[in-house]
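Structure first, then comments.
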Amino acid sequence: MKLRLKLTLLFTALFAALLLVFALVIYFSNAKDREDQYYQRLRQQAITKSDLLLGAKVQPGVLQLIYKNSLSSLPQEEVAVYDTAFHLLYHDAVYIDRVKETREMIDRIVRQKEIRFYVNDLQAIGFLYRDAGKDYVVTAAAKDVDGLARLHDLRIALLIGFIVAILLTFLAGIFFSRQALQPVSQM
18 MKLRLKLTLL FTALFAALLL VFALVIYFSN AKDREDQYYQ RLRQQAITKS DLLLGAKVQP
78 GVLQLIYKNS LSSLPQEEVA VYDTAFHLLY HDAVYIDRVK ETREMIDRIV RQKEIRFYVN
138 DLQAIGFLYR DAGKDYVVTA AAKDVDGLAR LHDLRIALLI GFIVAILLTF LAGIFFSRQA
198 LQPVSQM
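For the sequence shown, this note's numbering begins at 18 and goes up steadily by one.
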């Protein structure tokens, strides 16, 4: 293997490693931010429903109807409200229960005040909610369709950018190694 090619490959590999680390940091920090923001949004939706159910005393059937027709509902959204004795007070979709709350889960939420988890492709949160001096356990789950689509687009953009940058680096490496070693080859 010629010295020129060795230098070019070494330079390209070094640049590729640095660029890969940079791309991974960007991707994973964006993924973490998306996840945290969606948990906040999910929590806020669940608090709104809990406020209406417990504070405003809206009937569960009316509340279900409001959120079925709401434009602000999250994809595949599911909120459930329990008292701390594991009695179901409200559920968005009783027949499509995806979270499958258990007594152990409710007890864990009471102990830890908040838990975050996934149920298949749904992000889920469970937290302790206080209303009129009484504690309730609220669980909420939904799919962040928009956030996951943006994360996918970022992954594609980073991959394409990585490939293009490596190709350009390789071509520039060939040019510069030729220029740098030209005096040696002339001798």
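Glycine residues also receive a C-beta, built at the ideal position from the N, C-alpha and C atoms.
Delimiting residues of the beta strand (DSSP E) encompassing residue i
i    : result
E131 : E131 to V136
L91  : It is not in any beta strand (DSSP E) - L91 carries neither H nor E in the DSSP assignment.
Host alpha helix (DSSP H) of residue i (start-end)
i   : result
Y56 : L20 to S67
I83 : P77 to K85
Expected contact under 8 Å - CB spacing of residue i and residue j to nearest Å
i    : j    : result
L59  : A159 : 6 Å
T156 : E131 : Actually they do not touch by this definition, with Cβ atoms about 11 Å apart.
F179 : L37  : 7 Å
L171 : Y44  : 6 Å
R120 : F103 : 5 Å
D100 : Y153 : 6 Å
Per DSSP, cross-strand counterpart(s) of residue i
i    : result
K100 : The residue you asked about is not Lys; residue 100 is Asp in the sequence shown. DSSP output for D100 lists Y153 as bridge partner(s).
L105 : Y99
6 Å Cβ shell around residue i - same chain, five flanking residues per side excluded
i    : result
Y107 : L70, P77 and V98
S67  : V98, Y146 and V155
L24  : S194
L184 : none
F28  : G190
Y55  : Q140, D161 and G164
L26  : none
Close-in-space but distant-in-sequence residues of the same chain around residue i (CB under 7 Å, 5 per side omitted)
i    : result
G72  : D148
A48  : L168
R133 : Y56 and I142
Own chain partners of residue i with C-beta closer than 8 Å, once the 5 adjacent residues on each side are dropped
i    : result
Q93  : R115, L139, A158, A159 and K160
K151 : D100
Whole beta strand (DSSP E) runs in the stretch 124–189 with 3 or more residues, listed along the chain? For the beta strand (DSSP E) assignment, the uninterrupted runs of no fewer than 3 residues enclosed by the stretch 124–189 are, from N- to C-terminal side, 131–136, 139–148 and 151–159.
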